[in-house]
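The sequence shown begins at 1 in this note's numbering and counts up one residue at a time.
Heads up, the beta-carbon is just placed ideally off N, CA and C, and yes, glycines get one too.
Reading through the structure tokens given below for one structure.
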Amino acid sequence: MSIHHRAVPRLLAAATVVAAVVALTLPVSTQPVSRAARRVVVRGHEAVEGEVLVKYRDRRDVRAHAWVEARASADEVETLDRRGLKRLRSRRMRTADLLAVLDQDPDIEYAEPNYILRATTVPNDPAFGNLLGMLNSGFNPVGGGGTAGSDIDATSAWGSTTGARAAVIGVVDTGIDYTHPDLAANIWSAPSAFTVTVGGQLITCQAGTHGFNAITRTCNPMDDQYHGTHVAGTIGAVGNNGVGVAGVNWTASMMGLKFLGSNGSGSTSDAIAAIEFAVQAKAAFASTSGANVRVLSNSWGGGGFSTALRDVILAANAADILFVAAAGNSHVDIDTSPSYPASYATANMVAVASTDSADRLSSFSNYGDTSVHLAAPGTAIYSTMPNRAYSTLSGTSMATPHVSGAAMLALARCELTTPGLKSLLLESVDVVAALATATSTGGRLNVARALASCASTRVSGLTLTPSQASPEGVGRTITWTAAASGGQEPYQYQFLTFDGRTWSAPTAWSDSATYAWTPTAVKSTYQVAVRARSAWNSGAAERTATRPFEVVSAMSSVKLKPGLKAPQGTGTPVTWTATGRGGVAPYQYQWLVYNGSTWSTPTSWSASPTFTWTPSTASNATQVMARARSAWNDDTFEVSASAAYAIKPYVSSVSLSPGLASPQVRRTGITWTAVASGGEAPYKYQWLVHNGTTWSSPTGWSTRATYAWKPTQPGTYQVAVRVRGSWSKGASEATTTRSFTIQ
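Structure representation (structure tokens):
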């Protein structure tokens, strides 16, 4: 295999800056745009079907006007000026028929189509004036002059769209210098790692890689020659960025598919591998359109008929991929002297010849009124070169990226199958006399006319937003919300999920912009995607958005333990300890308290697993709760636990009365009686006696409120009683002491 271009002159530095004027032409009618919905090509230009502009010889001859309008079956008549110019719309006649009838009418000065007019858009790239393929002024600094208008009419097309990244173009060539400042932003990058099988070999490409090197079987398609970089510049050099040149697509997604080596040649087997990689990469991201390859640009050829190569081109066709190929540079009729791959008559093949700046078949270009479909500018084409350079090359290699780039520009505006895309390009050419027998269409590419023929707008923007940020716990429901823009409302959406191995589509197409997703397993590789399409579209998605989402394990439980067993009295500090399990440590905790009627939150979320609580109100319905969440979670809690904890009132007082008044003689029996109040009955009492030297406890704790005391020695004694409520097993709650003399 070899590349199709002519001799390479020395590399050029930045090109001459050409001042350009953006021409905005106003429509001739102020009537609603809906009247121009049906379009037709008349006299080589687009016009509104069923409408003509008529200038009457005598603007005051009302009878003549009525007669003409009746012959035209006019259901709308609009006066456009004071000189007798009117717009007629026919209820049953086409534009061509109207002109045939009205051109012969003696009462009419002239009749002409109501042509479609558009704004033209010129980028600010300093070397744009060198690009005679995009805009041939007849005075371009590169290309030696020529015929103005012998171009693909890119500036008119850019008034509709300047490209998109939803579809991917594979540049099958020497690779691409994907670091070039005029290309880098428009290079495809793998959205995630993926694996393909090429030549029986498993090849895994990491996220962020830009295509495939079939020679080394790696995922690095860096150009070590120059040819593929030049081709890529014509397809998709970043436009209007004030740098270098502009491609047919200012915004694009170009996948490098390198099979030609540093000497510009390669093998059939490597060409097959490169194409097969593109087909498999597309399949690998089929559910998200992450590598939605729709066009392969092939500026190379050579060798004889290869069934194997034809079969892989057919495989590309089955994958809905257009195959654009250079016709070759031998100036032969490939109807009789085939040039491959251009001569493979597959349904997805578009073979491209080259024209020069005067709209003539380039002197080197192959041709064929059956095998070659159309031509495009290929002589003196200025474009990107490796190492931040630019230069001029000639060849059908240079014509081909104009066509493949035009295909991508059409896909940015229109929803098209491969047959529809091919037909669109071929049916919208500019018919050129010099190409009458050189191509099957007899024409040269006109991308503006192609875009005008497929006016259905596409969704241009799409966002996907989860109700909770990643990560989230397993079993939690996340609501995803999609929002499309551009295209035509109402939108339709389809949601998809990726579990780390396979994509599934849990929802069918519908107008619902939300999807409630409850992941059931812990995975770091989940992805959620949404596809969107416009109201007019019943086919494939126009835009896809994907978001990774990590699902982690939630905590399985949290246990509570108080430092003191219940019940306790008011005012007693109780330290609670929470112990979390499962999830992802370190944990965070939040403490809550229920006082019998309402919950309060005395602490905010923190890493502390303890809480010291001093209850101030007695209640049998008090509860303490701990909520817990994992380190990843900054939202709500994952688990919680609560414990009932009764808070009791304390005995408020106790009185102590002896049965006999002091003093008494020894061996006299005296009965002491305690009367407690407050707290919780039945009370428990403990009696104590001080003999002047030491205290003794003649009784343990009991419910007896009396104590029979018979002192045996004279002296000044003290008798005390301690009291606690029925719930308490600890210290006394109230104490009182009385002195008593024994003689």
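Looking from the CA of I203, the closest CA among S287, V403, N220 belongs to N220. In the structure shown, the three-state DSSP call for N292 is coil. In the structure shown, D270 falls within a helical segment according to DSSP collapsed to helix, strand and coil. In the three-state reduction of the DSSP assignment, Q225 falls in the coil class. One thing to note: T741 has its Cβ no nearer than 9 Å to the Cβ of S616. In this structure, G261 is the residue among G261, A448, S600 with its C-alpha nearest to the C-alpha of A214.
At a Cβ-Cβ threshold of 9 Å, A626 and A585 do not count as neighbours.
T418 places its beta carbon less than 9 Å from that of A347. E69: member of the alpha helix (DSSP H) spanning 62-71, first to last residue. The beta carbon of D151 is closer than 8 Å to those of L132, G133, M134, L135, N136, P377 in its chain, skipping five residues each way along the sequence. Using a Cβ distance threshold of 9 Å, K282 and I176 do not count as a contacting pair. V231 sits away from D182, with the two beta carbons spaced by 9 Å or more.
Every beta strand (DSSP E) of 3 residues or more that sits fully in the stretch 565-642 is shown, in chain order, as 574-582, 588-594, 610-613, 623-629. With a cut-off of 8 Å on Cβ pairs, the stretch 357-369 is in contact with the stretch 326-336, counting three or more such pairs.
In its chain, beyond the 5 residues on either side, T161, G163, A164 have a beta carbon closer than 6 Å to the beta carbon of A412. Counting along the chain, N317 sits inside the alpha helix (DSSP H) bounded by residues 307-318. Under the three-state reduction of DSSP, L435 is assigned to helix. A distance below 6 Å between beta-carbons, with the five flanking residues on each side excluded, links W605 to the following residues of its chain, in chain order: Q588, Q590. Per DSSP, reduced to three states, the secondary structure at K258 is strand. By the Cβ test, the stretch 653-673 is not in contact with the stretch 492-502, since fewer than three Cβ pairs between them sit closer than 8 Å. The Cβ atoms of L393 and T441 do not sit closer than 9 Å to each other.
Taking 9 Å as the cut-off, the Cβ atoms of G211 and L296 do not count as close.
One Cα belongs to G582, the other to A628, and the distance between them is close to 11 Å. According to the DSSP secondary-structure assignment, Q201 is paired through a beta bridge with V198. The Cβ atoms of P649 and G569 lie closer than 9 Å to each other. Taking C-beta separations shorter than 6 Å and ignoring five residues to either side along the sequence, the partners of A482 in its chain run L464, Y493, A513, V530, following chain order. DSSP places M408 in the uninterrupted alpha helix (DSSP H) bounded by 396-413. Straight-line measurement puts the Cα of M93 at about 7 Å from the Cα of A72.
For the pair L435 and A353, the CB atoms are nearer than the 9 Å cut-off. Here the alpha carbon of T437 sits roughly 33 Å from the alpha carbon of V293.
Within 10 angstroms of the beta-carbon of Y110 lie fewer than 16 other beta-carbons, which makes it exposed.
Residue burial is scored here from C-beta neighbours: D75 has fewer than 16 other C-beta atoms within 10 angstroms and is therefore classed as exposed. Contact check between the stretch 238-254 and the stretch 376-391: three or more CB pairs, one atom from each, fall below 8 Å, which counts as touching.
Sorting A705, K729, S156, D359 by C-alpha distance to the C-alpha of N249 places S156 at the top. Of the candidates A66, L688, G405, R60, the residue whose Cα lies closest to the Cα of R82 is R60.
Note: A214 is not bridge-paired with any residue in the DSSP secondary-structure output.
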